[in-house]
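Peer 1: First to last, the protein sequences are chains A and B.
For the first sequence, position 241 matches number 249 in my numbering, and the numbering has no gaps at all.
For the second sequence, position 91 matches number 99 in my numbering, and the numbering has no gaps at all.
Beta carbons are placed, not taken as given, at the ideal position from N, Cα and C, and that holds for glycine.
Number of protein chains: 2
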Amino acid sequence: MAAGVACGVRGSGGRDLGLLFSELPCETAAVFTRNALKGAPLVVTRGAVESGGVRAVVANSGIANAATGQGGIEDAYAMQMIAAETLDIGAGEVAVSSTGVIGVRLPMDRISAGIRAAAGELVEGGSGFAESIMTTDTRVKEAVARVEIGGRTVTVGGTAKGSGMIHPNMGTMLAFLATDAAVEKDCLHETLGRVTNRTFNRITVDGDTSPSDMALLMANGAAGNEPLTLESEDYPVFAGAVEGVARELAKKIARDGEGASRLVEVVVEGAASEEGAAALAKSVVGSNLVKAAVFGEDANWGRVVTAMGYSGVDFDPENVDLWFGPIKVFSGGEPVPHEEAEANATLAGDEVKITARLGEGAASAVAWGCDLSYEYVRINGSYRT
Amino acid sequence: MAAGVACGVRGSGGRDLGLLFSELPCETAAVFTRNALKGAPLVVTRGAVESGGVRAVVANSGIANAATGQGGIEDAYAMQMIAAETLDIGAGEVAVSSTGVIGVRLPMDRISAGIRAAAGELVEGGSGFAESIMTTDTRVKEAVARVEIGGRTVTVGGTAKGSGMIHPNMGTMLAFLATDAAVEKDCLHETLGRVTNRTFNRITVDGDTSPSDMALLMANGAAGNEPLTLESEDYPVFAGAVEGVARELAKKIARDGEGASRLVEVVVEGAASEEGAAALAKSVVGSNLVKAAVFGEDANWGRVVTAMGYSGVDFDPENVDLWFGPIKVFSGGEPVPHEEAEANATLAGDEVKITARLGEGAASAVAWGCDLSYEYVRINGSYRT
Numbered sequence: 009m010a011a012g013v014a015c016g017v018r019g020s021g022g023r024d025l026g027l028l029f030s031e032l033p034c035e036t037a038a039v040f041t042r043n044a045l046k047g048a049p050l051v052v053t054r055g056a057v058e059s060g061g062v063r064a065v066v067a068n069s070g071i072a073n074a075a076t077g078q079g080g081i082e083d084a085y086a087m088q089m090i091a092a093e094t095l096d097i098g099a100g101e102v103a104v105s106s107t108g109v110i111g112v113r114l115p116m117d118r119i120s121a122g123i124r125a126a127a128g129e130l131v132e133g134g135s136g137f138a139e140s141i142m143t144t145d146t147r148v149k150e151a152v153a154r155v156e157i158g159g160r161t162v163t164v165g166g167t168a169k170g171s172g173m174i175h176p177n178m179g180t181m182l183a184f185l186a187t188d189a190a191v192e193k194d195c196l197h198e199t200l201g202r203v204t205n206r207t208f209n210r211i212t213v214d215g216d217t218s219p220s221d222m223a224l225l226m227a228n229g230a231a232g233n234e235p236l237t238l239e240s241e242d243y244p245v246f247a248g249a250v251e252g253v254a255r256e257l258a259k260k261i262a263r264d265g266e267g268a269s270r271l272v273e274v275v276v277e278g279a280a281s282e283e284g285a286a287a288l289a290k291s292v293v294g295s296n297l298v299k300a301a302v303f304g305e306d307a308n309w310g311r312v313v314t315a316m317g318y319s320g321v322d323f324d325p326e327n328v329d330l331w332f333g334p335i336k337v338f339s340g341g342e343p344v345p346h347e348e349a350e351a352n353a354t355l356a357g358d359e360v361k362i363t364a365r366l367g368e369g370a371a372s373a374v375a376w377g378c379d380l381s382y383e384y385v386r387i388n389g390s391y392r393t
Numbered sequence: 009m010a011a012g013v014a015c016g017v018r019g020s021g022g023r024d025l026g027l028l029f030s031e032l033p034c035e036t037a038a039v040f041t042r043n044a045l046k047g048a049p050l051v052v053t054r055g056a057v058e059s060g061g062v063r064a065v066v067a068n069s070g071i072a073n074a075a076t077g078q079g080g081i082e083d084a085y086a087m088q089m090i091a092a093e094t095l096d097i098g099a100g101e102v103a104v105s106s107t108g109v110i111g112v113r114l115p116m117d118r119i120s121a122g123i124r125a126a127a128g129e130l131v132e133g134g135s136g137f138a139e140s141i142m143t144t145d146t147r148v149k150e151a152v153a154r155v156e157i158g159g160r161t162v163t164v165g166g167t168a169k170g171s172g173m174i175h176p177n178m179g180t181m182l183a184f185l186a187t188d189a190a191v192e193k194d195c196l197h198e199t200l201g202r203v204t205n206r207t208f209n210r211i212t213v214d215g216d217t218s219p220s221d222m223a224l225l226m227a228n229g230a231a232g233n234e235p236l237t238l239e240s241e242d243y244p245v246f247a248g249a250v251e252g253v254a255r256e257l258a259k260k261i262a263r264d265g266e267g268a269s270r271l272v273e274v275v276v277e278g279a280a281s282e283e284g285a286a287a288l289a290k291s292v293v294g295s296n297l298v299k300a301a302v303f304g305e306d307a308n309w310g311r312v313v314t315a316m317g318y319s320g321v322d323f324d325p326e327n328v329d330l331w332f333g334p335i336k337v338f339s340g341g342e343p344v345p346h347e348e349a350e351a352n353a354t355l356a357g358d359e360v361k362i363t364a365r366l367g368e369g370a371a372s373a374v375a376w377g378c379d380l381s382y383e384y385v386r387i388n389g390s391y392r393t
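(1) Let me see if you follow: with CB-CB separation under 8 Å, is residue 325 of chain B close to chain A or not?
(2) Which class does residue 81 of chain B belong to by DSSP, given the choice of helix, strand or coil?
(3) Put residue 323 of chain B into one of helix, strand or coil per three-state DSSP.
(4) I want to know whether the region 350-369 of chain A touches the region 74-86 of chain B - three or more CB-CB distances under 8 Å.
(5) In this structure, how does DSSP classify residue 110 of chain A when only helix, strand and coil are distinguished?
(6) Cα separation between residue 374 of chain B and residue 17 of chain A?
(7) Quick check on residue 87 of chain A: buried or exposed, where buried means 16 or more other Cβ atoms within 10 Å of its Cβ?
(8) Residues of chain B with CB under 7 Å from residue 385 of chain A, in chain order?
(9) Looking at chain A, is there any beta carbon in it that lies within less than 8 Å of the beta carbon of residue 83 of chain B?
(10) Compare the C-beta of residue 134 of chain A against all C-beta atoms of chain B and say whether one is closer than 8 Å.
(11) Are the CB atoms of residue 25 of chain A and residue 126 of chain A within a distance shorter than 8 Å?
(12) What in chain B is Cβ-close to residue 70 of chain A, meaning under 9 Å?
(13) Sort A:23, A:43, A:346 by Cα distance to residue 148 of chain A and report the nearest one.
(14) What is the DSSP secondary structure of residue 350 of chain B, counted as helix, strand or coil?
(15) If contact means a Cβ-Cβ distance below 7 Å, which residues of the region 38-52 of chain B contact chain C?
(16) Please go through the same chain and pick out, in chain order, the residues whose beta-carbon is closer than 6 Å to the beta-carbon of residue 56 of chain A, but skip the five residues on each side of it.
(17) Using 10 angstroms around the beta-carbon of residue 156 of chain A, count the other beta-carbons present and answer buried if the total reaches 16, otherwise exposed.
(18) Is the shortest distance between the beta-carbon of residue 318 of chain B and the beta-carbons of chain A less than 8 Å?
(19) Among the candidates A:134, A:68, A:202, A:124, whose CA atom is the shortest distance from the CA of residue 38 of chain A?
(20) How far does the alpha helix (DSSP H) with residue 196 of chain B in it extend, from its first residue to its last?
(21) Could you check what DSSP says for residue 222 of chain A in three-state terms: helix, strand or coil?
(22) If you measure from the beta carbon of residue 331 of chain B to each beta carbon in chain A, is any gap under 8 Å?
(23) Return helix, strand or coil for residue 296 of chain A, following the three-state DSSP convention.
(24) Tell me the DSSP secondary structure of residue 342 of chain B in three-state form.
(25) For residue 229 of chain B, count the other beta carbons within 10 Å of its own beta carbon; 16 or more makes it buried, fewer makes it exposed. Which is it?
(26) Counting contacts by CB-CB distance shorter than 8 Å, is residue 179 of chain B in contact with chain A?
(27) Please list, in chain order, the chain B residues whose beta carbon lies closer than 8 Å to that of residue 58 of chain A.
(28) Go ahead and pull the three-state DSSP assignment for residue 361 of chain B.
(29) Starting from the Cα of residue 290 of chain A, find the closest Cα among A:304, A:313, A:190 and give me that residue.
(30) I'd like to check one pair, residue 220 of chain A with residue 339 of chain A: are the Cβ atoms closer than 8 Å?
(31) Which residues in the same chain have their Cβ closer than 8 Å to the Cβ of residue 98 of chain A, if we skip the five residues on either side of it in sequence?
(32) Which complete alpha helix (DSSP H) runs does the region 27-68 of chain B hold, if anything under 4 residues is left out?
(33) In angstroms, rounded to a whole number, what distance separates the CA positions of residue 121 of chain A and residue 143 of chain A?
(34) Find out if the Cβ-Cβ distance for the pair residue 325 of chain B, residue 45 of chain A is shorter than 8 Å.
(35) Sorted by chain position, which residues of the same chain lie with C-beta nearer than 6 Å to residue 383 of chain A's C-beta, five sequence neighbours on each side aside?
(36) Could you please give the first and the last residue of the uninterrupted alpha helix (DSSP H) stretch that includes residue 394 of chain B?
What follows is the structure, encoded as structure tokens:
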């Protein structure tokens, strides 16, 4: 069940406090940012997830409650406690999340009123929660998958937010995934870790890793399947559903990057390792010069090869084949003759695809990002004012 | 002696081919980009510097001669040979440098005519060479220092270019330093390596490490001093002069970053190591979000602490004191009450200073960068067209 209400943390007057709640107990796995600066909610939530049984999430947007000292930690615990009392569950069953401006304390009276209001509006489905966690996001980000597991229909749903300060590392921007599958604890953790690595950790908007990044996967077992382990015959079906939902959310975050006008997908094939392929793809998708060229619809492939070159991955540029959409532009260390207008045209749509094939092995990886526009500068030159 | 002429490589009609020449033989040290993609001129110049005695530089702007395959390598050798014949010196005494668009072959007839024209215009001093290596640069970058060594006056001069694709790693953008000091070979190499690390490797404009980065230090001994070694009593004076010239050039590159309206200097003090301090300072100065906030004159210190947090350096955010100019904004893990308008005002000038003090040790480092403006996006959305 989910709800989102307006409690007045964001100046805009929109929804800014959300509640997720499972009436059944859950196994819950989480991953958090690797930033040395960690928002207060992450400290509190990590404790809850480690002690087990998290089945509710209370989240606000507008203020991140990060770099707020001991007072901020106390606010996060208070937020957890108020939600627990309101839902009549244990404090340790509540995860807390805040996103927005760093270095500002939460207005706890509004948060408290918001939690009580949200608890009264809990419904199955609806986009209230997804709306309530948006900051500079322009679109709600939700995804769902349904699969058969042991003769039972299992649903995996998720919602995420993220538009700026997006360069997840281990954790991610906020992503809340829930499933009615029964899943054993270790299996759930392992699944979320691997899926995060392949989806949320493969997107970048601006190279800035947030102190508030967090991804949560809750499983309440309502589907009635035999609890899944890594060895279950049906496990790949479940893992694939989770990865599919996470990938869709990750792409939605990249597409909705601050000021972005298009989604950029970079595919690296023929690499020696998936790790190397991912590092190459992320280096390209994170290059300001590549991003500005995509914005300007200029198929400046030299910048792509350059960004691969400084990725830190060992490879031979002479062995690289490079495409913009279907147009081959570079091979064997030198340009492939092509119509520049045709290559530029591959950058004109909503989705841009750049593919690099190395002659080093059989591994591949995909990374997602967006273009760099005037609008990104406008948004971030005046975010607080 | 130096010269710069217009030979028609750049469409603009400005100076685009330069020649540097020492009538006396030189010891020469060089550092090059760590990008896996290396421009053809770097391959040729590395060979010349390793064989010893480089005393001339031929450089063009407009085309980088990178990612141009074997044909590009042959062009770079031809450029070296034509300069050597024109100056009547050995081909191995000529360093070659090209900067501009990647993936395009040089028009060798124009280059050849340009070299001959430049050789006829060689003069002591003058900014013709410095102008000829500019691309999106808006200002000529030169610096000079004079010091006494063993009773002789020694001059260290330098010129550099760089505006976009600036995130030097080991090498730098183009920087050509020359001195009339006599310096032993090992001492010269050691000096350039250390100085580069502390100056050119401490600037960033956009996080993109170019395949054409190169720094050269030529010493022809005309001052008549006893050749310097690392053990010479006067060596620190010489090293200080070289570092001062390099620092001034590095700051000029950062200040002239593509679209930049101000120079950003980030000082990290009280760190456990200089390497750690430098990584923290570079992480802050390289953050798109910090850069956009500086552009918008928004003293958004949360973004500074966040960028320190994802630098990869181990430190405790609770021990950080942070200042915008003279205004302390963060201490002990939480905000220091201050007038926001005063903090914002520290971002309004030509030069912005952000200082972070860690309680970890006695090491410090400085890094330089610039703000991120609409103009950066405009320049890089339409560079080739």
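Peer 2: According to the structure data:
(1) Taking the second sequence and counting its residues from 1, the one referred to as residue 325 of chain B is at position 317. Cβ-Cβ to chain A under 8 Å: yes for residue 325 of chain B.
(2) For the purposes of this step, residue 81 of chain B is taken as the residue at position 73 of the second sequence. DSSP places residue 81 of chain B in helix when its eight states are reduced to three.
(3) The count along the second sequence starts at 1 and reaches residue 323 of chain B at position 315. In this structure, residue 323 of chain B counts as coil in the three-state DSSP scheme.
(4) no
(5) Counted from its first residue, the first sequence places residue 110 of chain A at position 102. Reduced to three states, the DSSP call for residue 110 of chain A is coil.
(6) Here residue 374 of chain B corresponds to residue number 366 of the second sequence, with the count starting at 1. Here residue 17 of chain A corresponds to residue number 9 of the first sequence, with the count starting at 1. Taking the straight line from one Cα to the other gives about 38 Å.
(7) In the first sequence, the residue the question calls residue 87 of chain A occupies position 79. The residue in question, residue 87 of chain A, is buried, as its Cβ has 16 or more Cβ neighbours within 10 Å.
(8) Residue numbering aside, residue 385 of chain A sits at position 377 when the first sequence is read from its first letter. Here the neighbours are 300, 303, 380, 381, 382, 385.
(9) The residue you call residue 83 of chain B lines up with position 75 of the second sequence. Taking Cβ atoms only, chain A never reaches closer than 8 Å to residue 83 of chain B, which makes this a no.
(10) By 1-based counting over the first sequence, the position of residue 134 of chain A is 126. Cβ-Cβ to chain B under 8 Å: no for residue 134 of chain A.
(11) The count along the first sequence starts at 1 and reaches residue 126 of chain A at position 118. The count along the first sequence starts at 1 and reaches residue 25 of chain A at position 17. Yes; because the gap between Cβ atoms is below 8 Å, this pair is in contact.
(12) Position 62 of the first sequence, counting from 1, holds the residue named residue 70 of chain A. Ordered by position in chain B, no residue passes the 9 Å Cβ test against residue 70 of chain A, which lies about 14 Å from the chain.
(13) What you label residue 148 of chain A is simply residue 140 of the first sequence in a count that begins at 1. That would be A:23, whose Cα lies nearest to the Cα of residue 148 of chain A.
(14) Start at 1 with the first residue of the second sequence, and residue 350 of chain B comes out as number 342. Three-state DSSP puts residue 350 of chain B in a helix.
(15) The structure shown contains no chain C; its protein chains are A and B.
(16) Residue mapping note: residue 56 of chain A aligns to position 48 of the first sequence, counting from 1. These residues qualify, in order along the chain: 62, 100, 103.
(17) Residue 156 of chain A sits at position 148 when you count from the first residue of the first sequence. Exposed, because fewer than 16 other Cβ atoms sit within 10 Å of the Cβ of residue 156 of chain A.
(18) Along the second sequence, read from residue 1 onward, the residue named residue 318 of chain B stands at position 310. Taking Cβ atoms only, chain A reaches closer than 8 Å to residue 318 of chain B, which makes this a yes.
(19) For the purposes of this step, residue 38 of chain A is taken as residue 30 along the first sequence, with counting starting at 1. Among A:134, A:68, A:202, A:124, the Cα nearest to that of residue 38 of chain A belongs to A:202.
(20) Position 188 of the second sequence, counting from 1, holds the residue named residue 196 of chain B. Segment 193-206, the alpha helix (DSSP H) holding residue 196 of chain B.
(21) On the first sequence, residue 222 of chain A is found 214 positions in, with the first residue counted as 1. If DSSP states are grouped into helix, strand and coil, residue 222 of chain A belongs with the strands.
(22) Taking the first residue of the second sequence as 1, we reach residue 331 of chain B at position 323. Not one chain A Cβ lies under 8 Å of residue 331 of chain B.
(23) Position 288 of the first sequence holds residue 296 of chain A. If DSSP states are grouped into helix, strand and coil, residue 296 of chain A belongs with the helices.
(24) Within the second sequence, numbered from 1, the residue matching residue 342 of chain B stands at position 334. Residue 342 of chain B falls in the strand class under three-state DSSP.
(25) Here residue 229 of chain B is taken as the residue at index 221 of the second sequence, counted from 1. That one is buried.
(26) The count along the second sequence starts at 1 and reaches residue 179 of chain B at position 171. Model confidence at residue 179 of chain B stands at a pLDDT of 36, short of 50, so the residue's coordinates are unreliable; what they give is reported in the following sentence. No, its Cβ sits nowhere closer than 8 Å to a Cβ of chain A.
(27) Position 50 of the first sequence, counted from the start, is the residue given in the question as residue 58 of chain A. In chain order: nothing, as chain B lies at least about 21 Å away.
(28) The count along the second sequence starts at 1 and reaches residue 361 of chain B at position 353. DSSP places residue 361 of chain B in strand when its eight states are reduced to three.
(29) Residue 290 of chain A sits at position 282 when you count from the first residue of the first sequence. Taking only the C-alpha atoms, the option nearest residue 290 of chain A is A:313.
(30) For the purposes of this step, residue 339 of chain A is taken as the residue at position 331 of the first sequence. For the purposes of this step, residue 220 of chain A is taken as the residue at position 212 of the first sequence. For residue 339 of chain A and residue 220 of chain A, no; Cβs fall outside 8 Å.
(31) On the first sequence, residue 98 of chain A is found 90 positions in, with the first residue counted as 1. For residue 98 of chain A, where only same-chain residues beyond five positions count, the Cβ hits under 8 Å are 61, 92.
(32) 48-59
(33) Here residue 121 of chain A is taken as the residue at index 113 of the first sequence, counted from 1. Here residue 143 of chain A is taken as the residue at index 135 of the first sequence, counted from 1. Going by the C-alpha atoms only, they are around 20 Å apart.
(34) Reading the second sequence from its first residue, position 317 is the one you call residue 325 of chain B. Reading the first sequence from its first residue, position 37 is the one you call residue 45 of chain A. Yes, the Cβ-Cβ distance between residue 325 of chain B and residue 45 of chain A is below 8 Å.
(35) Your numbering for residue 383 of chain A matches position 375 in the first sequence. Closer than 6 Å at Cβ, skipping near neighbours: 267.
(36) Any property of residue 394 of chain B remains undetermined from this structure, which presents chain B solely from 9 to 393.
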